[in-house]
Each structure stands twice: as C-alpha cells, then as structure tokens.
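Colleague:
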Amino acid sequence: MSDQKPDYKLSLEDTRLSKRWVSWILFVAILTLFLIVPMASLVSDDAADALRGSPLPSDNSWSSGHLSKPHRIPELNQNCQVCHVNAFEVVQDNSCLSCHDDTNHHFDTSMHDITKLDGSRCASCHIEHDEPSSIVRQDDKLCSSCHADMDKTGAVSTELADVDSFGNEQRRKRNAPHPSFKVSMLVSEGKADAMTWSMRRVALADKPLEKSNLIFPHNVHLDPEGIDAPEGNQVMQCNDCHVTDGAGQLMRPVTMENNCRSCHTLVFDPDEPQREVPHGDPDTVLLTLEEYYSRQFLRDSLGRNPTPQEVRDFILRRPGGTVARRAEQALNLASPWGKANSVGKEIFEKTTCKTCHEISIDDSGKYLSKWRVDPIRITKKWMPKSEFDHYKHRASDCSLCHDGAGSEQASDVLMPDLPVCESCHTGERTHENKTPSSCVSCHQFHSPEQNDWRQALESGSARKIIEQISLDWQQDDHHLATDSRAVIAPLKP
Ligand code: HEC
Ligand code: HEC
Ligand code: HEC
Ligand code: HEC
Ligand code: HEC
Ligand code: HEC
Ligand code: HEC
Ligand code: HEC
Ligand code: HEC
Ligand code: HEC
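Residue numbers (my numbering): 4 to 496.
1. Grouping DSSP H, G and I as helix and E and B as strand, with all else coil, what is Thr106?
2. Could you check where the alpha helix (DSSP H) with Thr112 kicks off and where it finishes?
3. Beta-carbon separation of Val139 and His150 under 7 Å?
4. I need the DSSP call for Ser101, collapsed to helix, strand or coil.
5. Give a yes or no on contact between the region 431-443 and the region 194-210, applying the rule of three or more CB pairs nearer than 8 Å.
6. In whole angstroms, what is the alpha-carbon distance linking Leu289 and Pro309?
7. Please list, in chain order, all residues with a C-beta atom less than 5 Å from at least one heavy atom of ligand 3.
8. Starting from the C-beta of Cys404, find all residues in its chain whose C-beta is less than 6 Å away, skip the five residues before and the five after it, and write them out in chain order.
9. Taking the alpha carbon of Asp311 as the point to measure from, which residue in Asp303, Ser304, Tyr295 has its own alpha carbon closest?
10. Could you please give the first and the last residue of the uninterrupted beta strand (DSSP E) stretch that includes Leu371?
11. Would Ser414 and Lys194 qualify as a contact pair, given that the criterion is a beta-carbon distance under 7 Å?
12. Just verifying my parser: in three-state terms, what is the DSSP assignment at Gly251?
13. Scan the region 220-248 and note each continuous beta strand (DSSP E) run of 3 residues or more that stays entirely inside, going in chain order.
14. In this structure, how does DSSP classify Pro451 when only helix, strand and coil are distinguished?
15. Measuring straight from C-alpha to C-alpha, what distance separates Lys210 and Ser444?
16. Can you find at least 3 beta carbon pairs, one from the region 386-393 and one from the region 213-222, that sit closer than 8 Å?
17. In this structure, what does DSSP give as the bridge partners for Arg204?
18. Around the Cβ of Ile230, are there at least 16 other Cβ atoms within 10 angstroms (buried) or fewer (exposed)?
19. Ignore the nearest five residues each way along the sequence and tell me which others in Asn262's own chain have a CB closer than 8 Å to its CB.
20. Buried or exposed for Gly251, please, with buried defined as at least 16 other CB atoms from any protein chain shown within 10 angstroms of its CB.
21. Count the other CB atoms, across all protein chains shown, that sit within 10 Å of the CB of Ser372; report buried if there are 16 or more and exposed otherwise.
22. In chain order, what residues of the same chain have a beta carbon less than 7 Å from the beta carbon of Met4, not counting five sequence neighbours either side?
23. Is it the case that the Cβ atoms of Cys83 and Cys125 are separated by a distance below 7 Å?
24. Along the alpha helix (DSSP H) that carries Ile350, what are the first and last residues, could you check?
25. Hey, which unbroken runs of the alpha helix (DSSP H) at 4 residues or more fall wholly within the region 126-167?
26. Which residues have their C-beta within less than 7 Å of a heavy atom of ligand 6, listed in chain order?
27. Within this structure, are the beta carbons of Val280 and Thr291 separated by less than 7 Å?
28. Does DSSP classify His267 as helix, strand or coil?
29. Which ranges would you report for the beta strand (DSSP E) in the region 353-441 if only whole runs of at least 3 residues count?
30. Would the C-beta of Lys383 count as close to ligand 10, meaning under 6 Å from any of its heavy atoms?
31. Is the region 180-193 close to the region 380-388, with three or more CB pairs under 8 Å?
32. At a cut-off of 6 Å, is Ser136 close to ligand 2 when judged by its beta-carbon and the heavy atoms of the ligand?
33. Please report the straight-line C-alpha distance between Ala164 and Ile218, rounded to a whole angstrom.
34. Asn80 lies in the alpha helix (DSSP H); which residues open and close that run?
35. Check whether the region 126-135 touches the region 68-75, taking contact to mean three or more Cβ pairs, one atom from each stretch, closer than 8 Å.
36. Does DSSP classify Glu92 as helix, strand or coil?
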C-alpha cells in the first residue's frame with residue numbers, strides 16, 4: 004500500500020502541469036487582467052467609463068494609493084488620465100496647470116538662469132497617492148537643495164544668503180545657518196504732496212529707522228504708573244491699541260478714531276470744550292473754523308444766533324475791490340477769517356495736530372492749502388517673505404518679541420530677530436523639546452508677485468527649475484527619489 008499514490012492530488016507534480024506552465028498562466032492572467040484590460044481605458048474616455056462601471060479591473064487598479072485629500076474630487080478620482088495623460092510617462096506640469104493655471108514661480112525667472120524647466124516637475128514637490136502625508140513635501144531638502152548653495156543653482160548675482168536649515172543647536176555643524184532677518188518697510192522722501200514712498204529692505208542688525216510721519220512715543224503711553232485719561236489714571240496695555248485681524252495673523256490698523264481720540268480730543272476753543280474740528284483734510288478743518296467764527300461774529304453783531312443760511316451768505320459775500328479791501332483790513336484780526344487763521348496756526352503749528360503729525364507749511368500767502376498734513380503710511384507687513392501668525396503665539400507675552408514699552412519714537416523698529424525665534428523653533432527634526440520647523444512652516448513657495456508658471460513654460464524664459472533638485476535627490480537617495488515613481492509601473496512584484 005505504501006508505494007501506491009493516493010487518488011487526490013497534493014502538489015503540482017501530481018498534475019500534468021509543470022511549475023513553469025502555472026507561472027506563465029498566472030502571469031498572463033494577471034497581465035491581461037491588470038494591464039491589458041485596464042489599458043482599454045487609454046483607448047477612449049468612453050471605454051474608460053465603461054470599464055470603471057464593470058466588475059473588471061479598470062485603471063483604478065493601477066493606483067498606488069488614495070489621491071491626496073484636496074484632490075479627492077470626482078473629476079480626478081475617476082479620471083486618472085487628467086494627470087496621467089500618456090501611459091508610461093511622468094505627470095506633466097501642463098496636466099496640473101490645466102486646473103492650477105494661476106500657479107506662480109517664487110523668483111523672477113527672467114532674471115535668474117536656473118537650470119531648465121522640463122515641464123514635468125510640479126510632482127517633485129507635490130506628492131500624490133501618499134496619504135496621509137501632505138500634498139506638499141515638508142522636508143528641508145525641498146528648499147535647501149538650492150538655498151544651501153545659491154551660487155551652484157546659477158542664480159545671477161543674488162544677495163540672498165545661503166540657508167540649509169533652521170535652529171541653533173545645529174549651527175556648529177552647518178555651513179549655512181539661517182541668516183538674521185531683514186525687514187521690508189515703507190520710507191518716505193520729500194514733503195507734503197510731493198512725497199514719494201519706497202519699500203526698503205534692511206537687516207535688523209543695521210538698526211533701521213522707519214518713517215511713517217506719525218509721531219507716537221510708546222513709552223509715554225505704556226508708563227507702568229499709568230497716564231491721564233478722561234476717566235482718571237489709566238495703565239495702558241498693548242491690546243488697547245493692537246488687536247489681531249480676522250485671520251489672527253496680523254494686527255488691525257491703529258486709528259485716531261478708535262485708539263487716540265478718547266484722550267486726544269480736537270478741541271480748539273477752551274470756552275467750548277464740546278466743539279471739535281473734524282479729523283482729516285486741513286482745508287476742511289480751516290473752513291470749519293471759519294464757519295464757527297463767522298457764526299460768533301454774526302451773533303455778536305446781530306445780537307441773536309444767526310441762521311445757517313445767514314452764516315453761509317456772510318461767508319460767500321467775500322469783500323472785493325479797494326474800498327472793501329480797506330474795510331477788510333480794518334476788521335483784520337477781529338474778522339472771522341483772521342480768527343480762523345490764527346486758531347489754525349495754533350493747532351497746526353503748535354498744539355493739536357502738531358502733537359501727532361508732521362506738518363508742511365506753504366508760506367506763499369495762500370489762505371487755503373497753507374497747511375498740509377504729511378501723509379501717513381504705517382508698514383503693515385514687515386516680513387513679507389515669510390509667514391507669521393500672532394494667534395499661534397498668543398500664549399507668549401508681546402514683550403517677548405517686541406520691546407514696545409522701551410520705545411521712545413514711532414521710528415523705532417520693534418521687530419524680533421532670529422535668536423528670539425530660535426529659542427523655541429528648531430530645524431525639521433525636534434530637539435530639546437523645541438518646535439520642529441521645516442522651511443515650509445515659515446515660508447511660502449509660490450509668490451503672487453512673480454510671473455506665472457505657464458507663461459514661463461511657454462516663453463521658455465524660465466529654465467528647468469527642478470532639474471537641479473531632482474538630481475540632488477537622486478544623489479541623496481532621498482526616500483522620495485523621483486525616478487522610481489516617475490513612470491507608471493502597473494505590475495509591481
Ligand atoms: C492629481 C493628479 C493625479 C491623478 C488624478 C492621478 N495620479 Fe497617479 N500619480 C500622480 C503623480 C504626481 C505621481 C508621481 C509620479 C510622478 O512623479 O510623475 C503618480 C504616480 C502614480 C503611480 C506610480 C506610483 C508609484 O508609487 O510609483 C501609479 C500606479 C498611479 N499614479 C496610478 C494612478 C491611477 C490608477 C489614478 C486614477 C485613480 C491616478 N494615478 C490618478 C498624479 C496623479
Ligand atoms: C481637475 C483639476 C485639477 C488637476 C488636474 C490638479 N489639481 Fe490640484 N487641486 C484641484 C482642486 C479642486 C484642489 C482643491 C482646491 C482647494 O482646496 O482650494 C486642488 C488642490 C491642490 C493642492 C493643495 C492646495 C491646498 O490648499 O492644500 C496642491 C498642492 C495641488 N492641487 C497641486 C496639484 C498638482 C501638483 C497637480 C498635478 C500633478 C494638480 N494639483 C492637478 C484641482 C486639480
Ligand atoms: C520647489 C518645490 C515646488 C514646486 C516645483 C512646485 N510647488 Fe507648488 N507648492 C510648494 C510649496 C512649498 C507649497 C506650500 C506653500 C505655498 O503655498 O506656497 C506649494 C503650494 C502649492 C499650491 C497650493 C497653494 C497655492 O499657491 O494655491 C498649489 C495649487 C501648487 N503648489 C501647485 C503647483 C503646481 C501646479 C506646480 C507646477 C507647475 C507646483 N506647485 C510646483 C512647492 C512647490
Ligand atoms: C531651483 C532652485 C530653488 C528652489 C528649489 C527654491 N528656491 Fe528659493 N530662490 C531661488 C532663487 C534663484 C531665488 C531668487 C534669488 C534672488 O532674486 O536674488 C530664490 C528666492 C527665495 C527667497 C527670497 C524671495 C525674495 O522675494 O527675495 C526665499 C524666502 C526663498 N527663495 C525660499 C525658498 C523656499 C522656502 C523654498 C522651498 C519651498 C525654495 N526657496 C526653493 C531658488 C530656489
Ligand atoms: C496708545 C496706543 C498703543 C499702545 C498702547 C501700543 N501701541 Fe504699538 N503702535 C501704536 C501705533 C500708533 C503704532 C504705529 C507707529 C508707527 O510706526 O508709525 C504702533 C506700532 C507698533 C509696532 C510695529 C511698528 C514697529 O516699529 O515695529 C509694534 C511691534 C508695536 N506697536 C508693539 C506694541 C506692543 C508690544 C505694545 C505693548 C507693550 C504696544 N505696541 C502698545 C500704538 C500703540
Ligand atoms: C489713555 C489716554 C491716551 C490715549 C488713548 C492716547 N494717548 Fe497720547 N498721550 C496721553 C497723555 C496723557 C499724554 C501726555 C503725557 C505726558 O506728557 O506726560 C500723551 C502724549 C502723547 C504725545 C506727545 C508725547 C510727548 O512726548 O510729549 C503723542 C505724540 C501722543 N500722545 C500720540 C498718541 C497717539 C498717536 C495715540 C493713538 C494711537 C495716543 N496718543 C493715544 C494719553 C493718551
Ligand atoms: C492723537 C494723535 C492725532 C492727532 C492729535 C491728530 N491726528 Fe491725524 N492722524 C492720527 C493717526 C493715528 C492717523 C492715521 C490713522 C487714521 O487714519 O486714523 C491720522 C491720519 C490723519 C490724516 C490722513 C493722513 C493720510 O495720509 O492718510 C490726516 C489728513 C490727518 N490725520 C489730519 C489731522 C489734523 C488736521 C489734525 C488736527 C486737527 C490731526 N490729524 C490730529 C493721529 C492724530
Ligand atoms: C521659524 C521660521 C523660519 C524657518 C523655519 C525658516 N525661515 Fe527663512 N526666514 C524667516 C523669516 C522671519 C525671514 C525674514 C523675513 C523677510 O525677510 O521678510 C526669513 C528669511 C529667509 C530668506 C531671505 C534671507 C535674505 O537674505 O533676505 C531666505 C532665503 C530663507 N529665509 C530661506 C529659508 C530656508 C531655505 C529655510 C529652511 C532651511 C528657512 N528659511 C527656514 C523665518 C524662517
Ligand atoms: C513670537 C513672537 C511674537 C509675539 C509674541 C508677538 N509678535 Fe507681533 N510680530 C511678530 C512678527 C514676527 C511680526 C512681523 C510679521 C510680518 O510682518 O509678517 C509682528 C508684527 C507685529 C506688528 C506690526 C504688524 C501689524 O500687524 O500691524 C504689531 C503691531 C505687533 N506685532 C504687535 C504685537 C502685539 C500687540 C503682541 C502681543 C499681543 C505681539 N505682537 C506678539 C512677532 C511676535
Ligand atoms: C515661546 C516660544 C516661541 C517663540 C519665541 C516663537 N515661536 Fe513660533 N511657534 C511656537 C509654537 C509652540 C508653535 C506651534 C503653534 C501651533 O501649532 O498652534 C509655533 C508656530 C509657528 C508658526 C506656524 C508653523 C506651523 O507649522 O504651524 C510659524 C510660522 C512660527 N511659529 C514662526 C515664528 C517666528 C518667525 C518666530 C520669531 C519671530 C517665532 N515663531 C517665535 C512657539 C514659538
């Protein structure tokens with residue numbers, strides 16, 4: 004009995020099929036099922052739709068993972084060919100640009116002859132089919148591949164310092180620590196209407212001065228003993244004047260109306276503390292004074308309060324001709340105009356407006372337009388090349404980053420420099436419980452001020468921005484080495 008074969012089959016040898024045959028049959032079956040059948044999708048959109056509706060494997064079976072969350076929309080989830088236009092070809096920039104047609108470069112591509120654009124590498128920085136990771140790569144290499152050594156990228160005479168990572172503790176080992184910050188601020192030149200403004204970019208280390216034309220000493224107002232306010236002594240806090248905007252990133256503008264006027268009224272006649280001039284155009288202020296003193300003048304002459312019409316008629320009937328002129332001169336200071344003018348001189352040149360404003364005076368003998376308030380431009384975004392969010396730092400005291408209480412002049416720049424940030428933030432990997440931060444935590448890439456990607460592609464002015472980085476990545480054997488993902492490989496072992 005022992006040499007008799009059982010009549011059930013235990014192994015391949017028991018069948019008439021050889022090992023090799025089975026391998027081949029299985030291979031062809033898999034090839035047919037998962038390559039040839041889905042390839043029908045490439046024939047036409049109709050075929051693709053029909054396949055996806057059938058129980059047969061469609062091009063979905065080629066997918067190496069879910070699409071990233073923002074892309075999980077029907078147009079993309081069911082239409083692989085929107086991105087994979089030609090089989091066995093890397094995803095082209097043009098596919099991405101068909102929807103993201105407003106994508107910009109981050110530097111002036113006509114200025115810098117960075118290696119060539121091959122039209123295919125949005126995908127070098129934007130990962131697909133790799134949930135739950137982000138669609139944007141988060142590692143420093145993304146940026147340091149160029150920024151660690153700007154000369155090597157071919158950037159033309161750039162003034163940008165080299166940067167390879169952020170954080171104090173690595174500084175010893177690094178060639179290119181993050182540079183100290185620069186601020187971008189508005190600076191005025193000239194006077195009054197002829198004033199021009201320009202954006203100046205200055206290193207904080209050079210102790211720059213701002214010129215907004217507003218006069219404001221922080222220290223006087225932040226006196227810990229408090230200052231005089233209508234309701235008595237008040238100790239002011241930063242958030243009496245600075246509150247975050249809707250998004251929580253920056254601060255709402257400080258205004259005279261909301262933040263100053265409660266204490267600094269625009270009273271001009273000590274006998275009538277209820278009356279104030281309007282805050283704004285100096286000519287309107289002067290005309291208001293003129294009306295006010297005309298009314299007073301008429302009241303004294305008529306022995307009763309004049310009607311508004313009487314005031315207007317009086318103002319419009321301006322004296323002319325020699326007789327009248329002599330009469331006007333006789334009235335001189337006593338006249339409403341003289342009074343308005345002298346009060347104007349007082350508030351514009353000595354007290355009220357002069358407290359907070361730079362005033363330009365035109366001495367050419369004009370009555371109106373004699374005083375001009377120099378325009379005010381308060382810098383809003385001091386660090387436009389990076390992102391900052393006050394809301395995310397609400398646990399910290401303002402004084403950790405801004406020496407408000409110590410500032411005597413509005414021209415002081417109160418922005419924090421690198422060491423302040425490095426006390427909490429470190430490079431892409433955490434260290435000493437510090438907050439890990441890669442370049443993209445603080446920086447954007449696409450810059451709305453630069454030319455758009457498609458234009459650069461079409462004009463050829465931009466070169467292969469990415470070729471350089473892809474090369475670096477391969478050399479580094481980076482886990483996202485693009486060449487292995489570059490081609491759609493449906494039959495993975
Ligand atoms: C939003 C664009 C987009 C869509 C839509 C898309 N893919 Fe991809 N796919 C990519 C990108 C980008 C890569 C990375 C390859 C590269 O660098 O070009 C990729 C790679 C692949 C790879 C190779 C993966 C690897 O790890 O090597 C396969 C397979 C693939 N896609 C299948 C699919 C299938 C199937 C669909 C439809 C369900 C699909 N893709 C839809 C953008 C897309
Ligand atoms: C069919 C149109 C379409 C195509 C093609 C497409 N996308 Fe998108 N993409 C979208 C939509 C829609 C969103 C979601 C937009 C949003 O949330 O504001 C999105 C979001 C994104 C985001 C994230 C935006 C965010 O705020 O998080 C990135 C990055 C992105 N796409 C890159 C790409 C890349 C790279 C390609 C080419 C491989 C590509 N897209 C192809 C439609 C498309
Ligand atoms: C060198 C890396 C890099 C390349 C190349 C790149 N991106 Fe981005 N992209 C980023 C980074 C980093 C962000 C996130 C920061 C930001 O919003 O600027 C981003 C954000 C985006 C966003 C969402 C934010 C936005 O600006 O609307 C879209 C959409 C996008 N990229 C599309 C593209 C497309 C399309 C291409 C190719 C034409 C491309 N990107 C090439 C790095 C890159
Ligand atoms: C292909 C090379 C390359 C890559 C990749 C690259 N950059 Fe740049 N970057 C440049 C060049 C070139 C300039 C312009 C230099 C100049 O104008 O002097 C620049 C300028 C900048 C500037 C200054 C912008 C300005 O307006 O002055 C910042 C900030 C910056 N890059 C950050 C980044 C970040 C963050 C990343 C990664 C998401 C990145 N870069 C990726 C080449 C690159
Ligand atoms: C009475 C209102 C007021 C108070 C209170 C106040 N500020 Fe200001 N702050 C201003 C005004 C007005 C400006 C604009 C001055 C300019 O630059 O022309 C300003 C500007 C700033 C700026 C940006 C300008 C720069 O040069 O960097 C910072 C930062 C700032 N304040 C921080 C603080 C901090 C911190 C506190 C609390 C310690 C504080 N401020 C309290 C009115 C105030
Ligand atoms: C809570 C009341 C209060 C508010 C609100 C206030 N101030 Fe003052 N401010 C004062 C007092 C009181 C003084 C006089 C302090 C002194 O001379 O000792 C003063 C003085 C000044 C001075 C003259 C400083 C000097 O050295 O003589 C300027 C300029 C000024 N304030 C501007 C402003 C501006 C601009 C705002 C709004 C952004 C503002 N103040 C908001 C109470 C206030
Ligand atoms: C306590 C300080 C203070 C006093 C006093 C003051 N202003 Fe202002 N003024 C401001 C501030 C702060 C701004 C900028 C923010 C805003 O528009 O409220 C401003 C803005 C202006 C502007 C607009 C400037 C521009 O370029 O946008 C004019 C014009 C002006 N003031 C005129 C006057 C006149 C005229 C007086 C006197 C009657 C006066 N101000 C008194 C604080 C003051
Ligand atoms: C914790 C936040 C933070 C991180 C992380 C960070 N930066 Fe910055 N970076 C800044 C700030 C803030 C500025 C100054 C902003 C400005 O100039 O408008 C700046 C400025 C720059 C500049 C302009 C320097 C110049 O000379 O004008 C470059 C280039 C730059 N960063 C590149 C990088 C690169 C590359 C990385 C990653 C290796 C990185 N940064 C990481 C915050 C950061
Ligand atoms: C962790 C550091 C940090 C802290 C804490 C901080 N700031 Fe700032 N602040 C910054 C930086 C960085 C900028 C420049 C942001 C930019 O231009 O992108 C800034 C800008 C400002 C500006 C000028 C720009 C604007 O929005 O008007 C004011 C005013 C200001 N901060 C006030 C405050 C006040 C008030 C507090 C406390 C409630 C505070 N900051 C807390 C770092 C900080
Ligand atoms: C007291 C510690 C501390 C200091 C100082 C500090 N940060 Fe932060 N920062 C944090 C923490 C904690 C977070 C994370 C908050 C969150 O995610 O809600 C953060 C988040 C950020 C973010 C958002 C990044 C992200 O991924 O969410 C940026 C950008 C940033 N910080 C920039 C700066 C800059 C620029 C400075 C210097 C001017 C600075 N920080 C100083 C603690 C700090």
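Here a beta-carbon is modelled for each residue, glycine too, at the ideal position from N, C-alpha and C.
Modeller: Let me spell this out:
1. Counted from its first residue, the sequence shown places residue 106 at position 103. Here Thr106 sits in coil by DSSP.
2. Taking the sequence shown and counting its residues from 1, the one referred to as residue 112 is at position 109. Neither: Thr112 is in no alpha helix (DSSP H) and is coded neither H nor E.
3. Numbered from its first residue, the sequence shown carries residue 139 at position 136. Numbered from its first residue, the sequence shown carries residue 150 at position 147. Cβ atoms of Val139 and His150: not closer than 7 Å.
4. Along the sequence shown, read from residue 1 onward, the residue named residue 101 stands at position 98. Coil at Ser101, not helix or strand.
5. no
6. Against the sequence shown, residue 289 aligns to sequence position 286. Against the sequence shown, residue 309 aligns to sequence position 306. For Leu289 and Pro309, the distance between alpha carbons rounds to 20 Å.
7. Asp96, Cys99, His103, Thr106, Cys125, Cys128, Val139, Val443, Gln447, Phe448, His449, Trp456
8. Within the sequence shown, numbered from 1, the residue matching residue 404 stands at position 401. Excluding sequence neighbours, Cys404 sits near Pro419, Val423.
9. As a working mapping, residue 311 is identified with position 308 in the sequence shown. Strictly speaking, residue 311 in this sequence is Pro, with Asp absent from that position. Closest option to Pro311, Cα to Cα, is Tyr295.
10. Within the sequence shown, numbered from 1, the residue matching residue 371 stands at position 368. No beta strand (DSSP E) holds Leu371; DSSP gives it neither H nor E.
11. Locating residue 414 in the sequence shown gives position 411, where the first residue counts as 1. Locating residue 194 in the sequence shown gives position 191, where the first residue counts as 1. Contact flag unset, no.
12. By 1-based counting over the sequence shown, the position of residue 251 is 248. DSSP places Gly251 in coil when its eight states are reduced to three.
13. Runs found: 230-232, 235-237.
14. What you label residue 451 is simply residue 448 of the sequence shown in a count that begins at 1. It is coil, neither helix nor strand.
15. Translated into the one-based positions of the sequence shown, residue 210 becomes position 207. Translated into the one-based positions of the sequence shown, residue 444 becomes position 441. Taking the straight line joining both Cα atoms gives about 27 Å.
16. no
17. Mapped onto the sequence shown, residue 204 falls at position 201. BP columns for Arg204 point to Ser187.
18. In the sequence shown, residue 230 corresponds to position 227, counting from 1. With fewer than 16 Cβ atoms within 10 Å of its Cβ, Ile230 is classed as exposed.
19. For the purposes of this step, residue 262 is taken as the residue at position 259 of the sequence shown. Closer than 8 Å at the Cβ level, and outside the excluded window around Asn262, lie Asp243, Cys244.
20. For the purposes of this step, residue 251 is identified with residue 248 of the sequence shown, where counting begins at 1. That one is exposed.
21. As a position in the sequence shown, residue 372 is number 369, starting the count at 1. Counting Cβ neighbours within 10 Å, Ser372 comes out exposed, since fewer than 16 surround it.
22. In the sequence shown, the residue the question calls residue 4 occupies position 1. Because the pLDDT of Met4 is 38, which lies under 50, any placement of that residue in the model is unreliable, and the question is left without a value.
23. Residue numbering aside, residue 83 sits at position 80 when the sequence shown is read from its first letter. Residue numbering aside, residue 125 sits at position 122 when the sequence shown is read from its first letter. Not in contact: Cys83 and Cys125 (Cβ atoms no closer than 7 Å).
24. Taking the first residue of the sequence shown as position 1, residue 350 is located at position 347. Per DSSP, Ile350 belongs to the alpha helix (DSSP H) from 339-352.
25. 144-150, 153-156
26. Leu217, Ile218, Phe219, Pro220, Val223, His224, Ile230, Asp231, Ala232, Gln237, Met239, Asp243, Cys244, Val257, Met259, Asn262, Cys263, Ser265, Cys266, His267, Thr358, Cys359
27. Within the sequence shown, residue 280 is the residue found at index 277, counting from 1. Within the sequence shown, residue 291 is the residue found at index 288, counting from 1. The answer is yes: Cβ separation under 7 Å.
28. Stepping through the sequence shown from its first residue, residue 267 is reached at position 264. Of the three classes helix, strand and coil, the one that applies to His267 here is coil, per DSSP.
29. 362-364, 374-376
30. Residue mapping note: residue 383 aligns to position 380 of the sequence shown, counting from 1. Not so, every heavy atom of ligand 10 lies at least 6 Å from the Cβ.
31. Output reads yes: the region 380-388 touches the region 180-193.
32. As a position in the sequence shown, residue 136 is number 133, starting the count at 1. Flag unset: Cβ of Ser136 not near ligand 2.
33. Counting from 1 along the sequence shown, the entry for residue 164 is found at position 161. Counting from 1 along the sequence shown, the entry for residue 218 is found at position 215. Ala164 and Ile218 have their C-alpha atoms some 35 Å from each other.
34. By one-based count along the sequence shown, residue 80 stands at place 77. Residues 77-80.
35. yes
36. Residue mapping note: residue 92 aligns to position 89 of the sequence shown, counting from 1. Residue state, collapsed to three classes: coil.
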